[in-house]
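Following the working numbering, the numbering of the sequence shown begins with 663 at its first residue and continues without gaps.
Every residue gets a Cβ at the ideal spot worked out from N, C-alpha and C, and that includes glycine.
Worksheet for the structure shown next.
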Amino acid sequence: MDSICIVRNIKETSETFLPNGTVSFKESSKSTIGILGSGDFAKSLAIRFIRSGYSVVIGSRNPKRAVGYFPPLAEIMHHEDAVTKTDLIFVAVHREHYASLWDLKPLLVGKILVDVSNNVRINQYPEANAEYLASLFPDSTVVKGFNVISAWALQFGPRNANRQIYICSNVVEARQLIIELARQLGFIPVDMGMLSSAKEIENMPLYLFTHWRGPVLVAIGLAIFFYIYSFIRDIVHPYVKNKQSDFYKIPIEIVNKTLPVVAITLLSLVYLAGLLAAALQLNYGTKYRRFPVWLEHWLQCRKQLGLLSFFFASVHAVYSLCLPMRRSERYFYLNMAYQQVHVNIENSWNEEEVWRMEMYISFGIMSLGLLSLLAVTSIPSVSNSVNWREFSFIHSTLGFVALLISIFHVLIYGWKRAFEEQYYRFYTPPNFVLALILPFIVILGKVILLLPCIKKRLRKIRKGWEKSQFRDDSSTTVLQASPESVTVM
663 MDSICIVRNI
673 KETSETFLPN
683 GTVSFKESSK
693 STIGILGSGD
703 FAKSLAIRFI
713 RSGYSVVIGS
723 RNPKRAVGYF
733 PPLAEIMHHE
743 DAVTKTDLIF
753 VAVHREHYAS
763 LWDLKPLLVG
773 KILVDVSNNV
783 RINQYPEANA
793 EYLASLFPDS
803 TVVKGFNVIS
813 AWALQFGPRN
823 ANRQIYICSN
833 VVEARQLIIE
843 LARQLGFIPV
853 DMGMLSSAKE
863 IENMPLYLFT
873 HWRGPVLVAI
883 GLAIFFYIYS
893 FIRDIVHPYV
903 KNKQSDFYKI
913 PIEIVNKTLP
923 VVAITLLSLV
933 YLAGLLAAAL
943 QLNYGTKYRR
953 FPVWLEHWLQ
963 CRKQLGLLSF
973 FFASVHAVYS
983 LCLPMRRSER
993 YFYLNMAYQQ
1003 VHVNIENSWN
1013 EEEVWRMEMY
1023 ISFGIMSLGL
1033 LSLLAVTSIP
1043 SVSNSVNWRE
1053 FSFIHSTLGF
1063 VALLISIFHV
1073 LIYGWKRAFE
1083 EQYYRFYTPP
1093 NFVLALILPF
1103 IVILGKVILL
1113 LPCIKKRLRK
1123 IRKGWEKSQF
1133 RDDSSTTVLQ
1143 ASPESVTVM
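Here you go:
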């Protein structure tokens, strides 16, 4: 066989033999890693292993053509030669080409095969690629791993967003060996257990915003509803009643009236889920009973709802800053100035309106600042740097403060208009009245849960107290056990 070899000298490695005959290399010395395949992912694996101090052998069907594609420290040779030089082999070929390795079956006996393949569709095959590889080579130990990271992450090092590697195998020792290898490469390995988890691992890179689908649909639905609602009230009503054409408001003003309502509604939905969960725990009298499925999904989507609320609030702030730049706004102020000159008004200062706008803008800035803090602490790299108590304080206490300040922001915007008949067009309430319904419900629910009697009972339930246990204790008289003799499940 033709062999192209450009490698450095490596000291003898100390070995320990696993029960299945495979070899585990100690951390004090670097072992030889075999890679079958000459594609982009195989190249990235080779670069990463060489940078970490490992010796790499590449198995290729055409070594002469692949030699210029891999780093010079890699040893490139035919498949048959590569598998004889190491007991740890990464199979970087597609599932369709597994059959081409059939001739290597006698040479792969007792070796560890790491399957890094992925599919193009979720559940594309009845069994996982790793399980199929294990059926082809029953005398080898198959490990699934390194398939959820990109070739870029392998070459340039892991980052916070893609450091986790999911690993599974039926052989515990082989699984632990690959887990330790992932740690040495700078990744965070996640033990997924038996090889039956391989299908789940292979589906992971194919998911597209699975936790975002519901929140995005809710946000889009709210945006469409409130946009149509504002369009009917602010565009259709003036045209029907006074033949006044205000269609120029569609691109900016109507959108800007929709954004804050959606933002505060989404923020309310974030905390309404927790209130419903607390109410169910109080009703059940235990924390061990599962919530309804819809509530579990809602609780899992709170982060996405909060980030979408921050997005809508930020866009609302940008739109508000752009309002004075509109040509229509300039004409409006020019006409107002002309009318004041015409009626001989020298000073149009309105103390009440001045204070209202000052407070309105101030509360808006404070609520957006708190939402920014909540969004930043949702980033994994930031949330990992704070403990649970700090995280809970930011997202629970400061979150409710942000919601309360947002309510003040909307109340000051509405001011007296909520009680004036002219603002109830087509007998419908203004947008800001609808925007306050859900936040008021959330704040009222939070106040109820903070009542001493309810707060104490809820705290006991979350510490493990159960209503049924209390009934059993009250119906029968038992001796008080000492703390040392109590067994906690």
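Please list the terminal residues of the continuous alpha helix (DSSP H) segment that includes residue 912. It is not in any alpha helix (DSSP H) - residue 912 carries neither H nor E in the DSSP assignment.
Which value, in whole angstroms, describes the spacing of the CA atoms of residue 1081 and residue 1075? 13 Å
Residue 1109 in three-state terms, based on DSSP: helix
Going by other Cβ atoms of all chains shown within 10 Å of its Cβ, with 16 needed for buried, is residue 1011 buried or exposed? exposed
Are residue 849 and residue 827 closer than 8 Å when you measure CB to CB? yes
Give me the Cα-Cα distance between residue 819 and residue 793, rounded to the nearest whole angstrom. 29 Å
Distance CB(residue 1065)-CB(residue 977) smaller than 8 Å: no
Taking just the CA atoms, how far does residue 1122 sit from residue 1138? For residue 1138, the predicted structure reports a pLDDT of 42, less than 50, and the residue's modelled location is therefore unreliable. A value from the coordinates is still provided. Answer to the nearest angstrom: the Cα atoms are 21 Å apart.
Runs of 3 residues minimum, wholly inside the region 689-761: which ones carry the beta strand (DSSP E) assignment? 694-698, 717-721, 737-739, 750-753
If I follow the unbroken beta strand (DSSP E) through residue 830, where does it start and stop? 826-831
Return the CA-CA distance between residue 1027 and residue 806, expressed in angstroms with no decimal places. 50 Å
Expected contact under 8 Å - CB spacing of residue 934 and residue 1120 to nearest Å: With a Cβ gap of about 16 Å, residue 934 and residue 1120 do not count as contacting.
Which residue comes first and which comes last in the alpha helix (DSSP H) that contains residue 811? Run containing residue 811: none; DSSP gives neither H nor E here.
In the DSSP assignment, what are the bridge partners of residue 851? 827
Indicate the three-state DSSP secondary structure (helix, strand or coil) for residue 777 in the structure shown. strand
In the DSSP output, what is residue 804 paired with across the bridge? 775
Here's the rule: buried if 16 or more other CB atoms are within 10 angstroms of the residue's CB, otherwise exposed. What is residue 999? exposed
Please classify residue 635 as buried or exposed, where buried requires at least 16 other C-beta atoms within 10 Å of its C-beta. Given a span of 663 to 1151 for the chain in the structure shown, any question on residue 635 remains unanswerable.
How should residue 961 be labelled, buried or exposed, when 16 other C-beta atoms within 10 angstroms of its C-beta is the threshold for buried? exposed
Could you give the C-beta distance for residue 648 and residue 737, rounded to a whole number, given that I count them as a contact under 8 Å? No answer is possible for residue 648: it lies beyond the span of the chain, which begins at 663 and ends at 1151.
Using the C-alpha atoms, what's the distance from residue 694 back to residue 866? 29 Å
Give the list of continuous alpha helix (DSSP H) stretches no shorter than 4 residues that lie fully inside the region 929-1015. 955-962, 964-984, 989-1004
Residue 721 and residue 701: beta carbons closer than 8 Å? no
Is the beta carbon of residue 952 less than 8 Å from the beta carbon of residue 1090? no
From the beta carbon of residue 818, is the nearest beta carbon of chain D less than 8 Å away? Judged by its chain identifiers, the structure shown contains no chain D, having just a single protein chain.
Between the region 969-985 and the region 1030-1040, do three or more beta carbon pairs fall short of 8 Å? yes
With H, G and I counted as helix, E and B as strand and the rest as coil, what does DSSP make of residue 927? helix
How about residue 1087 and residue 899: do their beta carbons lie closer than 8 Å? yes
Pick out whichever of 1073, 927, 957 has its Cα sitting closest to the Cα of residue 883. 927
Between the region 800-816 and the region 832-843, are three or more C-beta pairs nearer than 8 Å? yes
Sort 983, 1037, 981 by Cα distance to residue 970 and report the nearest one. 1037
Quick one: what does DSSP say residue 1048 is sitting in, helix, strand or coil? coil
Supposed contact pair residue 745 and residue 767 - C-beta distance, whole angstroms, cut 8 Å: Not a contact, Cβ separation roughly 10 Å.
CB residue 778 to CB residue 703, shorter than 8 Å? yes
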